[in-house]
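Each residue of the sequence shown is one higher than the one before, counting from 1 in UniProt numbering.
Beta carbons: idealized from backbone N, C-alpha and C, even for Gly.
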Amino acid sequence: MMMMMMLRKKGRENRIGRRLILLIVAFSSFLALLATAYQLFNEYQQQRADMDDQLEQVRIFLPPITGSVWTFDERQITLALDALTRLSHVEHAVINTSDGRNTWSSGSIKSKRLLNRQFILAREVRGEMRPIATLDVAASLDGIYGRLLSQAVTILVTNTLKTFLVAAFMYVIFSRIVTRRVEDLARNVGSLMPESLMSQASMFDDKLGFPENGDEIDRLRWAYDNIARQLKLAVQDLHDRHDELQHEIHERTRAESDLQQVIAELSRTNAELERFAYVAAHDLQEPVRGLVSFSQLLERKYAENLGSEGNDYLRFIINEALRMSNLVRDLLEYSRAGGTHLNLGDVDCRELVHTVVQSLRPNVEQKNAVLEIGDLPGLIADQGQLYQVFHNLLGNALKYSDEGNSPRIRINAERDGNSWRFEVADNGIGIEAQYHDYVFEVFRRLHTGTAYSGTGIGLAICKRIVESHGGRMWLTSTPGQGSTFFFTIPDQAAKADAALSGNGVQPPPDPIA
């Protein structure tokens with residue numbers, strides 16, 4: 001912007017045109033002066049030659065004048081002299097005898113510039129030509145000089161006018177053809193640098209100064225020099241930035257490599273932990289099953305021998321053994337849930353939910369629950385794992401119901417981009433907002449075992465299964481009014497169609513708090 005303002009300010013003056021016109025006028029004037037001087041010199045020579053020819057014609061009058069002087073015929077002499085002075089340019093004529101005794105003259109000298117001619121008047125005496133007098137004629141050069149001056153003024157005025165008109169015409173033409181185009185070129189050069197680079201402080205730290213008396217060519221050169229200098233600085237800045245970016249990329253690449261190593265290590269560790277949990281839970285099943293079986297056998301055969309206190313202790317052992325058995329079973333279910341190898345197939349969700357309801361029929365009838373099953377879709381998923389999700393959610397809805405109200409459970413689904421969003425809503429006891437994420441963690445319980453039975457792993461299993469299918473799970477709840485659990489399952493067929501048509505897969509929506 002600064003360069004453009006400078007060019008506009010300097011562009012108001014057509015210095016190169018003015019300089020060129022001055023040189024043309026000076027040279028034209030010099031040539032005109034030379035031509036005028038040469039022309040006037042030739043004119044002067046011509047008029048001098050004409051005057052010389054005219055004075056040579058005086059010789060025609062010499063014989064009669066000589067006779068009049070020989071006879072001393074003053075009347076004829078006077079007439080002859082008057083005739084001579086009436087000739088063009090002749091101002092004065094005088095006759096002097098050779099002995100100097102007699103002089104006859106006519107006219108008067110008025111001019112300062114004269115052309116004098118002297119003629120010898122000779123008479124043949126005794127066969128010999130003898131001078132008897134001299135005739136001096138003075139012709140004025142003022143007429144010649146006057147005409148030359150008039151011609152000089154006319155020529156100079158004419159040449160000056162022609163030179164002025166030609167110079168003005170050339171000035172206008174040069175301004176239109178050359179000057180404006182040079183100024184436009186200089187402005188275009190000045191606008192080549194992007195404003196983002198021009199605004200950098202480094203662009204103006206070492207700027208070339210514009211010449212004080214520079215013309216349009218100097219402005220163009222100044223614009224080119226500055227744009228070259230600014231480009232050099234910009235390229236240097238870009239090189240510096242490139243080096244910084246390369247260093248940053250190197251650091252990020254190294255950090256990403258380290259992160260990948262950490263992720264790989266964590267994945268390996270996580271896999272080992274999952275395998276350990278699975279193996280541990282699997283290996284614990286037999287001892288726990290044996291503990292439960294032998295405790296129950298002991299209760300049946302030796303209850304009478306143990307007494308009241310012994311039976312209480314034995315009942316406590318049996319309950320804890322059963323609780324341990326449930327924990328081991330749920331832990332195995334959690335380790336199996338969300339595996340990398342899903343048994344995908346066509347699943348009719350409505351039929352699947354009806355199957356789950358049938359498995360929970362005793363609880364439904366006991367609680368006098370009302371279930372509303374909406375229009376559920378068919379999709380591609382692991383039917384066994386999806387069965388477990390609905391089983392856990394419906395089981396929790398029945399379990400955590402208000403004792404004073406019959407449970408009302410609603411199961412719906414709707415399209416959400418390339419996924420199906422399911423919701424399982426109830427009118428149970430609800431969950432406070434600070435525990436909405438807490439309940440999806442493993443072994444997290446909000447109530448004691450005496451109030452509501454369970455191991456605290458059911459929702460964690462549900463979330464793990466949903467995430468293994470590429471979906472997500474969340475909930476909304478109001479304490480005392482109920483909870484709604486949402487989860488999404490991608491529609492594999494819709495995703496395939498979107499991939500073929502070039503549409504992307506839309507991510508699932510954020511949960512509504």
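- Arg59 and Tyr44 have their alpha carbons spaced roughly 24 Å apart.
- Here Leu344 carries a strand assignment [DSSP, helix/strand/coil].
- Under the 8 Å Cβ criterion, the region 351-369 does not count as touching the region 430-443, having fewer than three qualifying pairs.
- Looking at Arg147, Trp104, Ala138, Arg181, the one whose alpha-carbon comes closest to that of Gln76 is Trp104.
- Between the C-alpha atoms of Thr134 and Gln151 there is a straight-line separation of about 37 Å.
- Among the bridge pairs identified by DSSP, Gly378 is matched with Asp348.
- The three-state secondary structure of Phe72, taken from DSSP, is coil.
- Per DSSP, the continuous alpha helix (DSSP H) segment holding Gly395 begins and ends at 383-399.
- Phe119: member of the beta strand (DSSP E) spanning 114-125, first to last residue.
- DSSP places Asn363 inside the alpha helix (DSSP H), whose first and last residues are 361-367.
- For Val137, the pairing in a beta bridge is given by DSSP as Ala93, Arg117.
- Boundaries of the alpha helix (DSSP H) around Asp142: 142-174.
- Rounded to whole angstroms, the separation of the alpha carbons of Gly310 and Val357 is 41 Å.
- The three-state secondary structure of Asn188, taken from DSSP, is helix.
- When secondary structure is reduced to three states using DSSP, Asp416 falls in the strand class.
- Cβ neighbours of Leu291 within its own chain (closer than 6 Å, five residues either side excluded): Ala321.
- Of the candidates Arg410, Ile132, Ala167, Leu81, the residue whose Cα lies closest to the Cα of Gly100 is Ile132.
- Nearest to Tyr387 by alpha-carbon distance, out of Asp402, Val370, Val347, is Val347.
- Excluding sequence positions up to five before and after Ser108, its CB lies within less than 8 Å of the CB of Glu91, His92, all in the same chain and listed in chain order.
- Contact annotation: Ser477 and Gly430 have beta-carbon atoms nearer than 7 Å.
- Pairing Thr488 with Ser419 gives a Cβ-Cβ distance under 7 Å.
- Three or more beta-carbon pairs separated by less than 8 Å link the region 151-169 to the region 24-40, which places the two stretches in contact.
- When rounded, the separation of the alpha-carbon atoms in Glu304 and Leu342 is 52 Å.
- DSSP places Val466 outside any beta strand (DSSP E); the residue lies instead in the alpha helix (DSSP H), whose first and last residues are 458-468.
- Counting C-beta pairs closer than 8 Å gives three or more between the region 171-187 and the region 218-229, which meets the contact rule.
- Shown here, Leu87 sits in coil according to DSSP, grouped into three states, outside any helix or strand.
- Pairing Asn412 with Asp382, the inter-Cα distance amounts to about 19 Å.
- Collapsing the DSSP output to three states places Val442 in coil.
- Here the alpha carbon of Glu248 sits roughly 14 Å from the alpha carbon of His239.
- Across the structure, Gly428 and Asp416 are spaced so that their CA atoms are roughly 27 Å apart.
- Between Leu371 and the set Glu128, Ile263, Ala425, the nearest pair of CA atoms involves Ala425.
- For Leu115 and Phe174, the gap between their C-alpha atoms comes out near 52 Å.
- Across the set Glu414, Arg472, Pro479, the C-alpha of Pro479 shows the shortest separation from the C-alpha of Gln434.
- When the five nearest sequence neighbours on each side are left out, the beta carbons in the same chain lying within less than 7 Å of the beta carbon of Asn96 are those of Thr103, Ala133, Thr134, in order along the chain.
- CA-to-CA, the gap between Leu79 and Arg126 works out to about 29 Å.
- Taking C-beta atoms under 8 Å as the contact rule, Glu414 and Phe485 fail to qualify, at a distance of about 15 Å.
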